[in-house]
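Visitor: Numbering-wise (my numbering), the sequence shown opens with residue 3 and increments by one. Where is the CB? At the ideal position from N, CA and C, for every residue including glycine.
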Amino acid sequence: MSTVVNTSEAPTGLGFGARFTASMVLSRWTPGDGWSALEVVPHRPLELSPAAMALHYGQAIFEGLKAFPRADGSLALFRPHANAERFNHSAERLAMPALPVETFVDACARLVRADASEVPTGPGQSLYLRPFMIAVEPSLGVRPAQEYLFAVIGSPVDHFFADGFEAIDVWCPSDQIRAAPGGTGAAKCAGNYAGGLAAKSLAVAQGCHEVLWLDAREHRFVEELGAMNFFGVTREPSGAPLLVTPPLSGTILAGNTRNTLIQIAADLGVRTEQRHVDIAELTTGDVRFVEAFACGTAASVVPIGSVTTADGRYVLGDGRPGELSTRLREELAAIQYGERPDARNWIHTV
Ligand SMILES: Cc1ncc(COP(=O)(O)O)c(C=O)c1O
Numbered sequence: 003m004s005t006v007v008n009t010s011e012a013p014t015g016l017g018f019g020a021r022f023t024a025s026m027v028l029s030r031w032t033p034g035d036g037w038s039a040l041e042v043v044p045h046r047p048l049e050l051s052p053a054a055m056a057l058h059y060g061q062a063i064f065e066g067l068k069a070f071p072r073a074d075g076s077l078a079l080f081r082p083h084a085n086a087e088r089f090n091h092s093a094e095r096l097a098m099p100a101l102p103v104e105t106f107v108d109a110c111a112r113l114v115r116a117d118a119s120e121v122p123t124g125p126g127q128s129l130y131l132r133p134f135m136i137a138v139e140p141s142l143g144v145r146p147a148q149e150y151l152f153a154v155i156g157s158p159v160d161h162f163f164a165d166g167f168e169a170i171d172v173w174c175p176s177d178q179i180r181a182a183p184g185g186t187g188a189a190k191c192a193g194n195y196a197g198g199l200a201a202k203s204l205a206v207a208q209g210c211h212e213v214l215w216l217d218a219r220e221h222r223f224v225e226e227l228g229a230m231n232f233f234g235v236t237r238e239p240s241g242a243p244l245l246v247t248p249p250l251s252g253t254i255l256a257g258n259t260r261n262t263l264i265q266i267a268a269d270l271g272v273r274t275e276q277r278h279v280d281i282a283e284l285t286t287g288d289v290r291f292v293e294a295f296a297c298g299t300a301a302s303v304v305p306i307g308s309v310t311t312a313d314g315r316y317v318l319g320d321g322r323p324g325e326l327s328t329r330l331r332e333e334l335a336a337i338q339y340g341e342r343p344d345a346r347n348w349i350h351t352v
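So this is what it looks like as structure tokens:
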């Protein structure tokens with residue numbers, strides 16, 4: 003396909019994650035004192051020992067959430083408590099200290115308040131927040147570090163589809179995996195992403211946009227994309243649409259957007275089946291998927307137009323954004339930007 007989804011290399015507009023606001027929020031952890039009081043300071047390079055353990059053994063976790071400019075003029079975070087809880091899940095998996103949920107949410111809110119004038123207000127724009135925690139103790143011992151840094155930085159972003167709502171093409175590697183049972187797949191840790199970059203480059207080299215990962219054991223069941231969860235749309239016996247998404251079996255990230263869309267779909271009368279999806283269902287049409295899409299905080303809902311495997315390229319539906327994908331994307335945006343009531347208490351005004 004010719005249209006390239008918006009990336010940080012986009013020559014015009016804000017792009018994604020290419021520029022940063024004036025401030026950042028910091029806190030440090032030591033075993034004796036726990037977390038220090040949050041500080042709002044200018045966004046600037048960090049001073050780090052070259053022996054900081056995050057650089058060597060990868061104790062680095064992060065989150066991604068957005069602050070939205072709302073129809074009533076307010077600024078609001080979307081479901082920040084869910085990110086805070088997932089952050090602690092990641093911390094536990096990587097033997098890092100937990101951060102109180104309210105401290106996480108407060109840190110995000112403080113950054114948005116400090117840099118409120120930099121939250122972009124154009125159609126589909128938002129402030130992407132990147133909270134992260136890294137091990138900063140200088141030591142080459144292979145063990146959990148004893149000093150950590152928590153920080154939140156902000157990046158004004160365009161809508162992912164600033165150039166138009168288009169379907170993406172995905173590629174399934176047959177000789178690489180993202181996560182195995184018992185590994186760190188359900189944690190949002192830096193190493194998971196590093197391990198996926200070579201496959202992402204191979205995907206792009208053959209004209210696709212993203213990797214669609216398959217399971218580690220059989221290379222057969224759909225897991226997720228590099229930074230998004232997967233949904234397929236099939237039909238109920240009545241002909242009504244039915245959403246299908248892989249279960250949270252421990253090897254994929256429990257996406258907030260995934261959880262949000264399941265609830266929005268239920269409100270629209272659309273059921274979601276959480277079950278394993280055999281790649282053959284997408285490539286041989288054993289179960290006819292009429293649409294498929296990926297979802298995540300950065301891009302909200304992204305239709306998938308085709309799947310490429312070692313056997314060839316398979317077009318899903320008519321290869322264009324489907325009806326339900328489009329509807330879910332619109333419903334989600336309407337809640338986030340304050341054009342629909344917040345019936346589920348998802349909006350956290352700062
Ligand atoms: C591997 C992976 N899966 C799924 C998601 C979607 O998660 P969320 O909807 O919480 O952004 C992300 C993005 O954070 C991700 O990195």
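Please say whether residue 159 and residue 128 have beta carbons closer to each other than 7 Å?
Guide: For the purposes of this step, residue 128 is taken as residue 126 along the sequence shown, with counting starting at 1. For the purposes of this step, residue 159 is taken as residue 157 along the sequence shown, with counting starting at 1. Note that the C-beta distance between residue 128 and residue 159 is below 7 Å.
Visitor: Indicate, with yes or no, if ligand 1 has a heavy atom lying under 6 Å from the CB of residue 255.
Guide: To locate residue 255, count along the sequence shown from 1; it is residue 253. Yes, Cβ of residue 255 sits closer than 6 Å to a heavy atom of ligand 1.
Visitor: Starting from residue 30 and walking both ways along the alpha helix (DSSP H), at which residues does that stretch end?
Guide: The count along the sequence shown starts at 1 and reaches residue 30 at position 28. Annotation for residue 30: no alpha helix (DSSP H) segment contains it, though the beta strand (DSSP E) segment containing it runs 25-32.
Visitor: Would the beta-carbon of residue 265 fall within 7 Å of that of residue 247?
Guide: Mapped onto the sequence shown, residue 265 falls at position 263. Mapped onto the sequence shown, residue 247 falls at position 245. For residue 265 and residue 247, no; Cβs fall outside 7 Å.
Visitor: When burial is assigned at 16 or more other CB atoms within 10 Å of the CB, is residue 75 buried or exposed?
Guide: The residue you call residue 75 lines up with position 73 of the sequence shown. Flag for residue 75 reads exposed.
Visitor: Are residue 25 and residue 116 close, meaning C-beta to C-beta below 7 Å?
Guide: Translated into positions along the sequence shown, residue 25 becomes position 23. Translated into positions along the sequence shown, residue 116 becomes position 114. Their beta carbons are under 7 Å apart, which means residue 25 touches residue 116 by this criterion.
Visitor: Note down the Cα distance separating residue 22 from residue 110, rounded to an integer number of angstroms.
Guide: Position 20 of the sequence shown, counted from the first residue, corresponds to residue 22. Position 108 of the sequence shown, counted from the first residue, corresponds to residue 110. Spanning the two alpha carbons is a distance of roughly 14 Å.
Visitor: Which runs of the alpha helix (DSSP H) at least 4 residues long sit entirely within the stretch 66-95? Give them in chain order.
Guide: 82-95
Visitor: Is any non-hydrogen atom of ligand 1 found closer than 6 Å to the C-beta of residue 230, if you look at the structure I gave you?
Guide: Along the sequence shown, one-based indexing puts residue 230 at 228. Yes - ligand 1 has a heavy atom lying nearer than 6 Å to the Cβ of residue 230.
Visitor: Relative to the C-alpha of residue 229, which candidate in 243, 256 and 207 has its C-alpha closest?
Guide: Numbered from 1 along the sequence shown, position 227 holds the residue referred to as residue 229. The candidate whose alpha carbon is nearest that of residue 229 is 256.
Visitor: Tell me the DSSP secondary structure of residue 106 in three-state form.
Guide: Residue numbering aside, residue 106 sits at position 104 when the sequence shown is read from its first letter. In the structure shown, residue 106 sits in a helix (DSSP, three-state: H, G or I).
Visitor: Can you grab the Cα-Cα spacing for the pair residue 337 / residue 261, in whole Å?
Guide: Mapped onto the sequence shown, residue 337 falls at position 335. Mapped onto the sequence shown, residue 261 falls at position 259. Residue 337 and residue 261: Cα-Cα distance of roughly 14 Å.
Visitor: Just the Cα atoms here: how many angstroms apart are residue 274 and residue 235?
Guide: Start at 1 with the first residue of the sequence shown, and residue 274 comes out as number 272. Start at 1 with the first residue of the sequence shown, and residue 235 comes out as number 233. If I take the Cα positions, the gap works out to 9 Å.
Visitor: Buried or exposed: residue 142, going by 16 or more other Cβ atoms within 10 Å of its Cβ?
Guide: As a first step, residue 142 must be located in the sequence shown, where it is residue number 140. Classification for residue 142: exposed.
Visitor: Measuring CA to CA, which of 240, 315, 286 and 124 is closest to residue 339?
Guide: By 1-based counting over the sequence shown, the position of residue 339 is 337. Checked all of 240, 315, 286 and 124; the closest Cα to residue 339 is 124.
Visitor: Work out the CA separation of residue 64 and residue 137 for me, nearest whole Å.
Guide: Locating residue 137 in the sequence shown gives position 135, where the first residue counts as 1. Locating residue 64 in the sequence shown gives position 62, where the first residue counts as 1. Answer to the nearest angstrom: the Cα atoms are 12 Å apart.
Visitor: For residue 122 and residue 85, I'd like the C-alpha separation in whole angstroms.
Guide: In the sequence shown, the residue the question calls residue 122 occupies position 120. In the sequence shown, the residue the question calls residue 85 occupies position 83. Going by C-alpha positions, residue 122 is about 22 Å away from residue 85.
Visitor: Shortest alpha-carbon distance to residue 300 belongs to which of 329, 187 and 67?
Guide: By 1-based counting over the sequence shown, the position of residue 300 is 298. When 329, 187 and 67 are compared, the shortest CA-CA separation from residue 300 is found for 67.
Visitor: What are the boundary residues of the beta strand (DSSP E) that includes residue 178?
Guide: Here residue 178 refers to the residue found at position 176 of the sequence shown. Careful: residue 178 lies outside any beta strand (DSSP E) and carries neither H nor E.
Visitor: Does DSSP put residue 274 in a helix, in a strand, or in coil?
Guide: Here residue 274 refers to the residue found at position 272 of the sequence shown. Three-state DSSP puts residue 274 in a strand.
Visitor: Less than 7 Å between the C-beta atoms of residue 31 and residue 140, yes or no?
Guide: Position 29 of the sequence shown, counted from the first residue, corresponds to residue 31. Position 138 of the sequence shown, counted from the first residue, corresponds to residue 140. In this structure, residue 140 does not lie closer than 7 Å to residue 31 by Cβ.
Visitor: Contact defined as beta carbons within less than 8 Å: I believe residue 281 pairs with residue 216. What is the distance between those atoms, to the nearest angstrom?
Guide: Residue 281 sits at position 279 when you count from the first residue of the sequence shown. Residue 216 sits at position 214 when you count from the first residue of the sequence shown. Right, their Cβ atoms sit about 6 Å apart.
Visitor: Measuring only the C-alpha atoms, how far is residue 43 from residue 132?
Guide: Within the sequence shown, the letter at position 41 stands for residue 43. Within the sequence shown, the letter at position 130 stands for residue 132. Whole-angstrom Cα-Cα distance: 15 Å.
Visitor: Rounded to the nearest angstrom, what separates residue 193 and residue 89 at their Cα positions?
Guide: Here residue 193 corresponds to residue number 191 of the sequence shown, with the count starting at 1. Here residue 89 corresponds to residue number 87 of the sequence shown, with the count starting at 1. Straight-line Cα distance between these residues: approximately 15 Å.
Visitor: Looking at residue 299 and ligand 1, is the gap between the Cβ and the nearest heavy atom below 6 Å?
Guide: As a first step, residue 299 must be located in the sequence shown, where it is residue number 297. Yes, since a heavy atom of ligand 1 falls inside the 6 Å radius drawn around the Cβ of residue 299.
Visitor: Residue 55 bridges to which residues according to DSSP?
Guide: Here residue 55 refers to the residue found at position 53 when the sequence shown is read from its first residue. Secondary-structure assignment with DSSP links residue 55 through no beta bridge to anything.
Visitor: What residue from 119, 152 and 126 has the CA that sits closest to residue 135's CA?
Guide: The residue given as residue 135 occupies position 133 in the sequence shown. It is 152 whose Cα lies nearest to the Cα of residue 135.
Visitor: Where does residue 5 land, buried or exposed, given buried means 16+ other C-beta within 10 angstroms?
Guide: Reading the sequence shown from its first residue, position 3 is the one you call residue 5. For residue 5, the pLDDT reaches just 33, beneath the cut-off of 50, and the residue's location in the model is therefore unreliable, although a value from the coordinates is still provided. Its Cβ having fewer than 16 others within 10 Å, residue 5 is exposed.
Visitor: Need the endpoints of the alpha helix (DSSP H) that residue 193 sits in, please.
Guide: The residue you call residue 193 lines up with position 191 of the sequence shown. Where residue 193 is concerned, the enclosing alpha helix (DSSP H) stretches over 192-196.
Visitor: What does the alpha-carbon distance come out to for the pair residue 210 and residue 304?
Guide: Counted from its first residue, the sequence shown places residue 210 at position 208. Counted from its first residue, the sequence shown places residue 304 at position 302. The alpha-carbon atoms of residue 210 and residue 304 are separated by roughly 14 Å.
Visitor: Taking 8 Å as the limit between beta carbons, can you name the residues of its chain near residue 114, skipping five residues before and five after?
Guide: Against the sequence shown, residue 114 aligns to sequence position 112. The residues 69, 77, 79, 121, 129, 131, 156 and 352, in chain order, have a CB closer than 8 Å to that of residue 114 in the same chain once the five nearest residues on each side in sequence are set aside.
Visitor: Is residue 66 near ligand 1, in the sense that its beta carbon is under 6 Å from a heavy atom of that ligand?
Guide: The residue labelled residue 66 in the question sits at position 64 within the sequence shown. Result yes, Cβ under 6 Å from ligand 1.
Visitor: Under DSSP, the alpha helix (DSSP H) around residue 1 begins and ends at which residues?
Guide: Nothing about residue 1 can be reported from this structure: the residues present for the chain run from 3 to 352 only.
Visitor: If you measure between the beta carbons of residue 28 and residue 49, is that distance less than 7 Å?
Guide: Position 26 of the sequence shown, counted from the first residue, corresponds to residue 28. Position 47 of the sequence shown, counted from the first residue, corresponds to residue 49. Taking 7 Å as the Cβ cut-off, residue 28 and residue 49 do not qualify as a contacting pair.
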